[in-house]
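Chains as they are written, first to last, in this note's numbering: chain X, 6 to 422; chain U, 6 to 422; chain A, 6 to 422; chain H, 6 to 422.
Protein chains: 4
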Amino acid sequence: MDFQFDTRTDELRASLLEFMEQHVYPAEKVFHAQLGALADPWDWDSVPVLKELRAEARRRGLWNLFLVDQHSLPGQEGAGLTNLQYAPLAEISGRSLHLAPPAMNCAAPDTGNMEVLHMFGTPEQKKRWLEPLLAGEIRSAFAMTEPNVASSDATNIGTSIVRDGDEYVINGRKWWITGAMNPNAKIFIVMGKTDPTADRHRQQSMILVERDTPGFEIHRGMEVFGYDDHEHGGHAELTFTDVRVPAENLIGGEGDGFGIAQARLGPGRIHHCMRSIGIAERAIELMCARADERVAFGRPIAEQGVVRDWIAESRVRIEQLRLLVLKTAWLMDTVGNKGAHAEIQAIKIATPATVQWILDKAIQVHGAGGLSQDFPLASMYAGIRTLRFADGPDEVHKNALAKSELRRQAKVRDARA
Amino acid sequence: MDFQFDTRTDELRASLLEFMEQHVYPAEKVFHAQLGALADPWDWDSVPVLKELRAEARRRGLWNLFLVDQHSLPGQEGAGLTNLQYAPLAEISGRSLHLAPPAMNCAAPDTGNMEVLHMFGTPEQKKRWLEPLLAGEIRSAFAMTEPNVASSDATNIGTSIVRDGDEYVINGRKWWITGAMNPNAKIFIVMGKTDPTADRHRQQSMILVERDTPGFEIHRGMEVFGYDDHEHGGHAELTFTDVRVPAENLIGGEGDGFGIAQARLGPGRIHHCMRSIGIAERAIELMCARADERVAFGRPIAEQGVVRDWIAESRVRIEQLRLLVLKTAWLMDTVGNKGAHAEIQAIKIATPATVQWILDKAIQVHGAGGLSQDFPLASMYAGIRTLRFADGPDEVHKNALAKSELRRQAKVRDARA
Amino acid sequence: MDFQFDTRTDELRASLLEFMEQHVYPAEKVFHAQLGALADPWDWDSVPVLKELRAEARRRGLWNLFLVDQHSLPGQEGAGLTNLQYAPLAEISGRSLHLAPPAMNCAAPDTGNMEVLHMFGTPEQKKRWLEPLLAGEIRSAFAMTEPNVASSDATNIGTSIVRDGDEYVINGRKWWITGAMNPNAKIFIVMGKTDPTADRHRQQSMILVERDTPGFEIHRGMEVFGYDDHEHGGHAELTFTDVRVPAENLIGGEGDGFGIAQARLGPGRIHHCMRSIGIAERAIELMCARADERVAFGRPIAEQGVVRDWIAESRVRIEQLRLLVLKTAWLMDTVGNKGAHAEIQAIKIATPATVQWILDKAIQVHGAGGLSQDFPLASMYAGIRTLRFADGPDEVHKNALAKSELRRQAKVRDARA
Amino acid sequence: MDFQFDTRTDELRASLLEFMEQHVYPAEKVFHAQLGALADPWDWDSVPVLKELRAEARRRGLWNLFLVDQHSLPGQEGAGLTNLQYAPLAEISGRSLHLAPPAMNCAAPDTGNMEVLHMFGTPEQKKRWLEPLLAGEIRSAFAMTEPNVASSDATNIGTSIVRDGDEYVINGRKWWITGAMNPNAKIFIVMGKTDPTADRHRQQSMILVERDTPGFEIHRGMEVFGYDDHEHGGHAELTFTDVRVPAENLIGGEGDGFGIAQARLGPGRIHHCMRSIGIAERAIELMCARADERVAFGRPIAEQGVVRDWIAESRVRIEQLRLLVLKTAWLMDTVGNKGAHAEIQAIKIATPATVQWILDKAIQVHGAGGLSQDFPLASMYAGIRTLRFADGPDEVHKNALAKSELRRQAKVRDARA
């Protein structure tokens, strides 16, 4: 057991931290100003300063680092990092959530989509969509969640994907499709049912749909609290009405959809959780700065016992959480997604709750300003709050985790008896 | 001791409940649609359906009920209700926060401003501003909070009000001035210092400033979790640069500002707290409806133990809270603001925390939709969250309450010894 | 609506408060010393100072006040108080839980047992057992809870009561029978099944069993944390092996057991909750005194923000809770046990959680001493902790309360549609 | 970074787990029975089954493993383990807190005392007291806490140690001196002031006092929630009245007391925290077993959503906590006590709160029985609750941790500016 990062990680961390200080943080206000000046506010990835950041990140070798699959060759596709090596980089990027991940071409949902194409795509699919995604030329979306189906229950998807000659015909409604409002989100991975009569986990397939395919409509952006999240392409409600795509757009084979979704899930969780820890660290930083600066009744509020209690609790909680997420990354590297199953659930449960708590306190230290556009805290809070539903609400995950704990304990008892 | 509402209250509650069912709830979607279609989105009180509601409320005698000062004559200015009689009506109105209070001409900050003018205004001030406010023809704002001063510390106000011949000259910066973005907010009550050398509670004065006075500028609307709250006039940042108003615009005398602010505070707290309870009741209603309708893994989520726990806790907490707020209203009626001091603090502490908790659970039961524009829950949450800062953060109030508890207990010990 | 106590209550409160100050508090240490010196530590009601207190309470008319049934004649059996009048007296008595209730002959479980005999007993039963109980000459126990049955599920009782000629034969095992270790607990009300084939709520009966009846054995005292609670007769585990009692010992008729248990429950809840509030008030008193006295790092801990937060929260929570319990008492007086059903559940849920929280903080303010025999706090905590199971765990009550809330809300929706 | 235990740790864990299953768990009931039959209940380390366990542990090489100082030679004094290697063994031993640690001669406070003697003792002191302690022949106590001094403030100790010729004369009062009621606790390490005029951290010294020294009196055992903790020697209140000991009993030099106390602290925290995690694991085990067995309203309570929520939360919290404690152990091994300072504070804050929460839920799942002598849960709870005060209350540690966090963040800001 060893709690020290390896040399590669240390070097990449140092490089990324420098990039953040020299380029990313200074660009934050610029980005929002330039984005506000765009004709189409959804067209976020055309913002000039972001383009500069991307060039700089690429120059520094901070590009596509997320692609941790073991088959990736360094320099070629990904950086050949392990999940455990990439995780602390994801954390750092989370400190400037709207800028650092896209600057490094490491932003969701593109990361998961690139992983899917990387692992399951045909050479043609890779050429056509993975390459421009890896090059940061286009963006993508992942269309799974549906309004009428609990998102925790992927087997229940209502969208149909029906073979008709050389084509598949898609019908269905999706919502909360992140990134989809961006006109440059050119390609959608759509989950639907190809065979509702198959085994429960073999009914679903994934298929690629291009943005301008007839019958595919983008209706509106869902808001989170009052944010439309145009900084990263919003969350769209979509319909597919007799949408026809070539049969070769299928990813893997018919019935592979659920398996691909599961494979996509694990690394995504690590990324989300580590970025959320980065958000929490940024919030602690802001909370401490504000506590030192703000004077009430004649002394800085950093001297108030209750504020200190929040700061200490924040530190204690985030240290524990980070270790659990890192251990989960390590498990994924060493025993795989399945062996890390309980931990992947655990970090899904722990992360949003912990970070939400910290954000609430950081906001409170800021007074009403903390809820406003003058600080990033309320927007962070909104984003983190959605994680308590993403891939199913906390309660579903807790229920499942408890079930396996009960099973595990029963086995121990049986072994004793 | 008697927990039954009196006949007058029962009748008014019945009348208001009927108005809500027949007119207010059905108008909610209409209001947002019509508001969205306005040229100026801040001009909320010109929305047609709201005008109809106001006419209907007036017809039904549900108008200006908030004006509980004992000197008001029924039929003349207010309805002559006690705080305890008005409180349950405020609760009901909170169930449709954007519509019911303004429909009844009982929306903050106009209510507090009308109370101030009613109690402290000169006949000329009443004629010029209170009358159109009571008639619902214009709107008003209350400009106290400043960016550089903890809002819990009203004695610390930085804005200056300097006598110069027949005029006062005002200089300062204010923010979070609710309602001020509305072009029909014609009159501002501004708090500032007339004499920084006077006793700590005699330095401040209040003065009336009309919207179009030269030197008075409205800069921007503050946002709360992405919401600009244009449904009720937003929260503006303002500056006063050598703003000159006639000396007769002063409310009361020089140095009366702090006292007027205190007098304004008590009833406002009751209103805010009761409306917040109404919000919580609406949230419980939505939570139960959703729990019954939404099916996950084959059964309504209303059958899940954790969801039931939330529903039960919500009920248990809100019942306790309501009683405390009603008791506080009763104390204000019977022993006055001062006698109700501890309770006024207590409800300030208890209400936002309780209602925020309930809203968080109601949102969770709704899934991601609960955070979106499809339900009012996230917007309610944002509004309630601001109450944890309004008139100073929770922590200041807890500290003060604890201090008086410690003092009280020390007296009991002394009496024993 | 009126939050003032009536004159009768005010007078009785004043009288009881005086009794507490002059007699009860000063006797607390004496009681524990004298109890420690007894040959049989369970024989608590023979402690001399307690006998003196009882005489004094009786002299002051503070005797049997709990008996609130409307048929009781003042001066005769009870004092003819309403539940709402008695409730604040129960609170005050809770401040010295081991002394004040028994001094006033108002201690559980005798109170509930006297109510049962008063309401359902035959003249012979009253003469033989109610009269000495009302006179404070003997003590009693209520034997319902069983080791193998969830105590929330009274319909599931395993003890059998079988008619055999002029007698009933009782077989079964009970535990947590409070007061039963006291050798002066002469009479037991035992709940069992007379007809397992009857309707679910008509299977149970209650029967009187004298302490020295053959086949009735008292095995051991259950401990709570490390306390055996000999100060009020402990909590015994009992067995009934072919215990024979005369048929006239049955209370009411066969099958009346469940109904009698329900009737006994309501007032008991009020008493328990109000006494618990008294415990909380005593804890706040101790917490404030300690916070003022104890110096750490050069200043009294009463000046620490976190300690103030606890004191304020304690006050805010207990004020809300008390009002809900008082309202429940009022409902029982005005609409009866059934009409107060939801509130009786609500106070069962809210009280132990709230008071446990306050006690935890009061202990923390005391440092390790707070857990020791030098202060009553740990013992109070232990007692309150048991209330989270008494008559079924919190979770059962929350589940039931949520079910009725869901039903109520569904009705409202139906009425609208 | 690597989350796998090394081979040595894996082997020792396997060996210890086997010892627990084969010997320790089966001995638990026997121990309490034999202890109950002793003439002197405090004389716990003479219980026969415990002696057998010690022999068996020694035979298996599970003896004195705690002694992790780098200078210890394997086989000679300690086992030469690192803190990180010993920590998981401490966890396992915590599962049977009254038996496993003493069986392995790894029970507090002897462990800390042996470390002190090992690191700072003279050859004579080692021969006379360390050797029999390492052999498990005698027991010891550590007398630091005083009734009138906040235990968080070691610099404030009131006990005096005054040189008088060849002797030191000790005067003072101590309490909560764990293990001291055991007649076989032959040697006491006493902290006091030798020079109240020296620098704040050089006033204190530690000195060895034998149990039978004239003037040294043991007054009473402090109780914790009704428990006297005679299973491990209780917690005594002591006085020293002109107690004279030879000058060579001083540990280190005059003024070294504070430094020795600090050196003793770090490893002790790791041990306490890991054993507490063992307690939590045992509680989760009991909670799961009970949830599977206990049927309420027709189904096992393991199927109730709320119970599952508790089980999942328990697992999620304990996994995080364990990693933080292990990391702290690793830091102590690699950068020393000082480098691990923040983490040592963090685990002091996190551990009792987390484990107390889990125990509360485990108790709740057990119903009233969970509070009784029939399960170890209430006793565990009492023990863990004291940790929220040990070496100072949580609040002191949070305050200190927040202060250093604020300082650290200010440095980061300064570096940026």
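Note that the Cβ used here is the ideal one computed from N, Cα and C, for glycine as well. Predicted model, so just to flag it, every value in this text is computed and none were measured.
Span of the alpha helix (DSSP H) around residue i
{"i": "A:Pro219", "result": "Unbroken run through A:Pro219: none, as it is neither H nor E."}
{"i": "X:Glu120", "result": "Asp115 to Phe125"}
{"i": "U:Asp314", "result": "Gly310 to Thr339"}
{"i": "X:Gly41", "result": "Tyr30 to Gly41"}
{"i": "A:Pro357", "result": "His346 to His371"}
{"i": "U:Thr12", "result": "Thr12 to Phe24"}
Beta-carbon proximity of residue i to residue j, cut-off 9 Å
{"i": "H:Ala185", "j": "H:Ile223", "result": "yes"}
{"i": "A:Leu72", "j": "A:Glu136", "result": "no"}
{"i": "X:Leu328", "j": "H:Leu329", "result": "yes"}
{"i": "X:Lys353", "j": "X:Arg274", "result": "yes"}
{"i": "H:Met211", "j": "H:Gly257", "result": "yes"}
{"i": "H:Arg249", "j": "H:Val312", "result": "no"}
{"i": "A:His103", "j": "A:Ile182", "result": "no"}
{"i": "H:Gln350", "j": "H:His276", "result": "no"}
N- and C-terminal bounds of the beta strand (DSSP E) containing residue i
{"i": "A:Asp45", "result": "Segment: none, A:Asp45 is in no beta strand (DSSP E) and carries neither H nor E."}
{"i": "A:Ile144", "result": "First, the amino acid is wrong: residue 144 of chain A is Arg here, not Ile. Counting along the chain, the beta strand (DSSP E) containing A:Arg144 begins and ends at Arg144 to Ala148."}
{"i": "U:Glu242", "result": "His240 to Pro251"}
Secondary structure of residue i, DSSP reduced to three states
{"i": "A:Gly170", "result": "coil"}
{"i": "H:Ser281", "result": "helix"}
{"i": "A:His103", "result": "coil"}
{"i": "U:Arg205", "result": "coil"}
{"i": "X:Arg418", "result": "helix"}
{"i": "X:Arg65", "result": "coil"}
{"i": "U:Gly299", "result": "A small correction: the amino acid at residue 299 of chain U is Arg; Gly does not occupy that position in the sequence shown. DSSP places U:Arg299 in coil when its eight states are reduced to three."}
{"i": "H:Ile389", "result": "helix"}
{"i": "X:Glu136", "result": "helix"}
{"i": "H:Leu70", "result": "coil"}
{"i": "A:Phe263", "result": "helix"}
{"i": "A:Leu255", "result": "strand"}
Nearest-angstrom Cβ-Cβ length linking residue i and residue j, presumed shorter than 8 Å
{"i": "H:Glu33", "j": "H:Ser98", "result": "Their Cβ separation, rounded to whole angstroms, is 13 Å, which puts H:Glu33 and H:Ser98 out of contact at 8 Å."}
{"i": "A:Leu291", "j": "A:Leu382", "result": "7 Å"}
{"i": "A:Val229", "j": "H:Leu376", "result": "5 Å"}
{"i": "U:Thr199", "j": "U:Gly260", "result": "7 Å"}
{"i": "H:Glu236", "j": "H:Trp49", "result": "6 Å"}
Buried/exposed call for residue i, threshold 16 Cβ in 10 Å
{"i": "X:Glu298", "result": "exposed"}
{"i": "X:Thr164", "result": "buried"}
{"i": "X:Asn3", "result": "The shown model of chain X, from 6 to 422, leaves out residue 3 of chain X, and the question about it has no answer."}
{"i": "U:Ala266", "result": "buried"}
Chain C within 9 Å of residue i, Cβ atoms only
{"i": "A:Ala307", "result": "The structure shown contains no chain C; the protein chains it does contain are X, U, A and H."}
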